[in-house]
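For the sequence shown, my numbering assigns the number 61 to the initial residue and increments by one for each residue that follows.
Report on the following structure.
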Amino acid sequence: MELTFKQKVIVFSVMLGIFLVSVIIKYGMDIGGQDETDEMVESASYQEDMVYQEQEINEENAIMIIDVEGAVSYPGIVKIREGSRVYEAVEEAGGLLDTADTKYVNLAEEVTDGSIIYIPFKEEVSKDMTEDAAGSKVNINTAGKEDLMKLPGIGESYAEAIIEYRNTNGTFKANEDVMNVTGIGEAKYENIKDMICVY
């Protein structure tokens, strides 16, 4: 049956209305999808910034301040990362001098924040000094700087640190207590433990 003109107009209007509603719905979904995508991108960017900032904070906290003295090119304060070894601190101080003697220095020892690293000169650990130190024990509670420096690996800075420690904290109760002095670790103690006493 052939539709009248009026009926055709009605049918066309209904179809047009359906088409417009479909377009409006699709447009709304596209807008919503775009907003959601933008939010996801913004969230990912924010999280990345937070991770980067956290990493910067962690890296800053991992820096240690070390005092490197003795037979190095540039004695003084250096900054190194947590977990670094003595040799790395020495490198930051310009490296060893030709007159350095590392026989009694453990270059592989891990460094702690605020410690003193002293690299002795060859004359400080000469054969005569070592023999003198071994011949009679040094009382670390009463010895002066010169006597303490006769111990192998104990230069001026370490001797002063020992004196400062006992002046601040009282006398040493046992030989191994000398390891409480900043910069004197187990390796250095092993080299002097038979040459010192506390009475």
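Backbone N, C-alpha and C fix where the C-beta goes; we use that ideal spot for every residue, glycine too.
Given the structure is predicted, the values throughout are model-derived calculations rather than measurements.
Between the beta-carbon of N240 and the beta-carbon of P212, is there less than 8 angstroms? no
Give every residue of the same chain whose Cβ lies closer than 8 angstroms to the Cβ of E199, excluding the five residues on either side of it in the sequence, and list them in chain order. First, the residue type needs correcting, since residue 199 is Asn and not Glu in the sequence shown. Result list for N199: I256, C257, V258, Y259, in chain order.
CB-CB under 7 angstroms to D188, same chain, minus the five flanking residues each way: which ones, in chain order? Below a pLDDT of 50, predicted positions are generally treated as unreliable, and D188, at 48, falls in that range; the measurement from the model is reported next regardless. Result list for D188: empty, nothing under 7 angstroms.
Straight-line gap, S196 to L208 (C-alpha atoms, nearest Å): 12 angstroms
At the level of alpha carbons, what is the spacing between K182 and L157? 10 angstroms
Among D127, A247, I70, K248, which one has its Cα closest to the Cα of G174? D127
Of the choices M124, G155, G143, I223, whose alpha-carbon is the least far from that of G130? G155
Looking at Y178 and Y218, is the spacing between their C-beta atoms short of 8 angstroms? yes
Figure out for me which residue from A153, V238, L80, A247 has the closest Cα to the Cα of G136. A153
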